[in-house]
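Residue numbers (mature numbering (1 follows the signal peptide of the UniProt record, and there is no 0)): -21 to -1, 1 to 386. Glycine is no exception: its CB is placed at the ideal position from the N, C-alpha and C atoms. These numbers come from a predicted model, not from an experiment. Read the structure below first, then the notes.
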Amino acid sequence: MSKHSLTRRLLLPALITPALAMPLAALADVENITRAFSGIWDQPDQESQGLVLQISADEGDEKTGVAYWFTYGDDLASSWYVGVGPVADGLVDMTLYRADGAGFLEAAGSGSASVEAVGSLAMRFQNCNQGTASFDTPDNVLGSGEFRIKRLTSVMGMRCSGGISDDTPPGTRPTRLEVELVAARDDVTGKGKATFWERADRSDFMVQANGGMADGLYALMVCGDHRGDVEIVDGGGTLAFRSPGIDAKPLLDFDPRDCLIELVDDTGVALTSGDAVLAEKARGNNGGGQGGNNGQGGGNDDADVSFTPTGLVPGAKGNASLASDETSTTFTVHVMKVPAGDYDVVVGGTTEGVLTVEDGPGQLKGTLRFSDPAADDGEPLDFDPSGQLIEIYNADGVILEGLFPDA
């Protein structure tokens, strides 16, 4: 949209250009207002009025909203107000101010301007593009009421999801945190683990339960809030969240760090993190690979994961597996039902190899094998996939992904 077109929308009645509507699935009720909600918000039911919202941090590093509300006064001349206040629990709760007494381009420090609080302004959002603003002031100022708001612009290069990754600073070092879940009652025989993984462009949170848990539905409680249900079948179950969200995983719109994590059944708390919280797990030197002759990994540990499709390539499937014996360790990545071409295999945020799918008759598929000791038919296994996020990329982005279990 050109500067002229944008100005015209702010001053004249016109419809928002469809290209500005961000292609995001509607959120039932946004409870995590992120910095990606910053932008210009139009009042589609009112003539040439709207707000500029900035989500930032105050001096104490607390999330704060600042809104510039452009409207009109009783004299039909343009008028504007400023709202400032905290962002929490799905609400930008601001004190509303107005200023007067200063002239056009009046020199700073003249002391003629006055600023006074006149009421409150609150903003809530149904999704990244729609919301509601409500105001409460004395009758002789604006009175009280509410109005719909609709996104007109976003910050360049910032994509809104409503997930916690919206607020992750650029350049964030990839981090993996975990905490064990232990039985909270004598009649619970199972165990579990919660894992959190963060990097600059996304975050993942996964809760696993196994070890002979009684089958059934368990409520996942994080910091005392119900965040979903883990279905235990044949003694085990998993619930995984992701930000930005995809169809196969619920949106991670809460931060599990520094939280008590519990699985609750009809009797009460079954598994708990207790006094422990998500933290980095100390690992030995894995620079020499997984197993084989260098003594890393040892034993006959096997593990595998089936990838979750992101929807970028419809029908795509794949898996990764780790197998060890007394002489070698092999990590194998398979993809299928994807177009012919090259695909980056990314492990823990690092590209470890390129998997090639050859064109030909029938179902297209490809395999990339890593071995320690190195073998002629693959790549050297000089990294540890245990507990890492495995991603398969094409030119457009991630098509398959999965959190590899601890081998």
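Distance, Cα to Cα, residue i vs residue j?
i           : j      : result
Ala295      : Leu70  : 39 Å
Glu380      : Pro23  : 40 Å
Leu362      : Thr309 : Here residue 362 is Phe; the residue named in the question, Leu, does not match the sequence. Going by the C-alpha atoms only, they are around 11 Å apart.
Gly297      : Leu156 : 25 Å
Gly278      : Ile19  : At Gly278, the pLDDT of 42 sits below 50, so the modelled position is not reliable; the number obtained from the coordinates is stated separately. For Gly278 and Ile19, the distance between alpha carbons rounds to 59 Å.
Pro149      : Ala36  : 16 Å
Asp244      : Leu160 : 14 Å
Gly62       : Glu370 : 42 Å
Ala153      : Leu291 : Reading off the sequence, residue 153 comes out as Pro, not Ala. Approximately 23 Å, taken between the alpha carbons.
Ser285      : Phe104 : 35 Å
Glu95       : Met73  : 14 Å
Val377      : Ala15  : 21 Å
Thr335      : Trp176 : 28 Å
Gly64       : Val45  : 7 Å
Ser222      : Ala56  : 44 Å
Asp118      : Ser182 : 46 Å
Phe288      : Thr330 : At residue 288 the sequence reads Pro, which differs from the Phe that was named. Cα to Cα, Pro288 sits roughly 19 Å from Thr330.
Leu368      : Asp385 : 11 Å
Glu26       : Phe49  : 11 Å
Lys344      : Thr147 : 35 Å
Asp79       : Asp232 : 40 Å
Ala172      : Asp356 : Reading off the sequence shown, one finds Lys at residue 172, where the question assumed Ala. If you take the alpha carbons of Lys172 and Asp356, they lie about 36 Å apart.
Gly142      : Met135 : 18 Å
Leu100      : His205 : 29 Å
Ser350      : Pro359 : 5 Å
Leu257      : Thr311 : 29 Å
Cys202      : Val9   : 18 Å
Val325      : Val186 : 22 Å
Asp166      : Ile211 : 16 Å
Asp115      : Trp59  : 15 Å
residue 401 : Leu75  : One cannot answer for residue 401 here, as it falls past the ends of the chain, which runs -21 to 386.
Thr132      : Thr13  : 15 Å
Asp321      : Leu84  : 59 Å
Lys228      : Ala219 : 6 Å
Ala353      : Gly328 : 22 Å
Gly207      : Leu242 : 10 Å
Val364      : Ser113 : Just to set this straight, residue 364 is Pro in the shown sequence, not Val. Approximately 50 Å between the Cα atoms of the pair.
Asp21       : Gly52  : 18 Å
Could you give the residue range of the beta strand (DSSP E) that holds residue i?
i      : result
Met73  : 70 to 79
Thr329 : 329 to 336
Thr50  : 42 to 51
Pro65  : 57 to 67
Val320 : It should be noted that the sequence gives Gly, not Val, for residue 320. Run containing Gly320: 320 to 326, per the beta strand (DSSP E) assignment.
Gln367 : No beta strand (DSSP E) holds Gln367; DSSP gives it neither H nor E.
Gly345 : 344 to 351
Asp21  : 18 to 21
Gln25  : Counting along the chain, Gln25 falls outside any beta strand (DSSP E), and DSSP gives it neither H nor E.
Ser35  : 29 to 36
Quick check: is the beta carbon of residue i nearer than 8 Å to any beta carbon in chain D?
i      : result
Leu257 : Any reference to chain D falls outside this structure, which holds one protein chain only.
Which residues does DSSP list as the beta-bridge partners of residue i?
i      : result
Lys260 : Paired residues: none, contrary to the question.
Phe310 : Leu301, Phe349
Thr287 : Glu380
Pro293 : Per DSSP, none; premise fails for Pro293.
Glu95  : Arg77
Ile371 : Val324, Leu379
Glu358 : Phe349
Ala282 : Leu301
Query raised in the report: Is the number of C-beta pairs between the region 243 to 259 and the region 189 to 199 that are closer than 8 Å three or more?
Result: yes
Query raised in the report: Counting only runs that start and end within the region 165 to 252, where is the beta strand (DSSP E) found for 3 or more residues in a row?
Result: Segments of the beta strand (DSSP E) lying fully in the region 165 to 252: 170 to 178, 181 to 189, 195 to 201, 204 to 211, 216 to 222, 240 to 243, 248 to 251.
Query - Length-filtered (3 minimum) beta strand (DSSP E) runs lying within the region 97 to 177 - result: 109 to 115, 123 to 130, 154 to 162
Requested in this report: Could you say if the region 182 to 191 and the region 201 to 219 meet the contact criterion of at least three C-beta pairs nearer than 8 Å?
Outcome: yes
Query - the region 105 to 115 touching the region 84 to 94, judged by at least three CB pairs closer than 8 Å - result: no
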